[in-house]
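Quick notes on the structure that follows.
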């Protein structure tokens, strides 16, 4: 009986060590510089197209895990990201577009060799996107499907700390809202927030 208990304890210890080796948790935080492209289309009594292009700052935080592979590491994470307000002035006021998202991201870090401190990576992500479009007359907000694809470079400063520089193309979803006017006519707004994002941050692996 004692042998059985001893063997069971050893098996649990080995399994715990293997699990810790296979999945190493980490947290990350990044600052962003965004080149936003918000295409807004108005359909109805007052038709037209508006392009809100702006450069804004933003940020993101993420919680993830690393899984070692033969030639590199796979990373899986949940990320929350938010941008500053993109704005454009018009004769009748100012248009603002606000964006944020929650993403499930998958990255692959390529090993460059045992003595090389940096790893290039590529990744994709999918999740929930939220946008708010506002003018002096009205405010529209909606949820959609957010997606990202990008690449970057991680530089290992220590056993636990990695600095991260990356680029990604981000779409926060396709949105539309319809407003009826006096029970007959309508005004429909379609807007598609997109962004080219440069990210600089750090990952701390436990």
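Numbering (this note's numbering), first residue to last: 398 to 603.
In this text, a Cβ means the ideal position worked out from N, Cα and C, and glycines have one as well.
Are residue i and residue j closer than 8 Å when you measure CB to CB?
| i | j | result |
| --- | --- | --- |
| residue 447 | residue 492 | yes |
| residue 589 | residue 571 | yes |
| residue 498 | residue 525 | yes |
| residue 523 | residue 500 | yes |
| residue 568 | residue 528 | no |
Where does the unbroken beta strand (DSSP E) through residue i begin, and where does it stop?
| i | result |
| --- | --- |
| residue 517 | 515-531 |
| residue 497 | 490-507 |
| residue 483 | 483-487 |
| residue 548 | 536-553 |
| residue 420 | No beta strand (DSSP E) holds residue 420; DSSP gives it neither H nor E. |
| residue 477 | 469-480 |
| residue 564 | 558-568 |
Keeping to the same chain, check which residues put their C-beta closer than 6 Å to that of residue i; ignore five residues upstream and five downstream.
| i | result |
| --- | --- |
| residue 562 | 549, 550, 597 |
| residue 450 | 434 |
| residue 461 | 423, 472, 473, 474 |
| residue 431 | 453, 455, 480, 592, 594 |
| residue 574 | 537, 586 |
| residue 603 | 422 |
| residue 478 | 457, 498 |
| residue 517 | 507, 550 |
| residue 427 | 457, 596, 598 |
| residue 437 | 447, 588 |
| residue 485 | 449, 492 |
| residue 476 | 457, 459, 500, 502 |
Ordered along the chain, which non-local residues of its own chain (more than five positions away) have a Cβ less than 8 Å from that of residue i?
| i | result |
| --- | --- |
| residue 420 | 462, 463, 464 |
| residue 566 | 545, 546, 547, 591, 592, 593, 594 |
| residue 515 | 509, 550, 551, 552, 553 |
What does the Cβ neighbour count give for residue i, buried or exposed, with the cut at 16 atoms within 10 Å?
| i | result |
| --- | --- |
| residue 352 | This structure leaves residue 352 out entirely; the chain is present only between 398 and 603. |
| residue 494 | buried |
| residue 564 | exposed |
| residue 512 | exposed |
| residue 502 | buried |
Who are the Cβ neighbours of residue i in its own chain at under 7 Å, not counting the five residues just before and after it?
| i | result |
| --- | --- |
| residue 532 | 490, 492 |
| residue 554 | 560 |
| residue 601 | 423, 424, 557, 558 |
Could you tell me which of the options sits nearest to residue i, measuring between CA atoms?
| i | options | result |
| --- | --- | --- |
| residue 510 | 527, 476, 470 | 470 |
| residue 466 | 517, 528, 599, 508 | 508 |
| residue 539 | 601, 496, 486, 600 | 496 |
| residue 505 | 468, 486, 476 | 468 |
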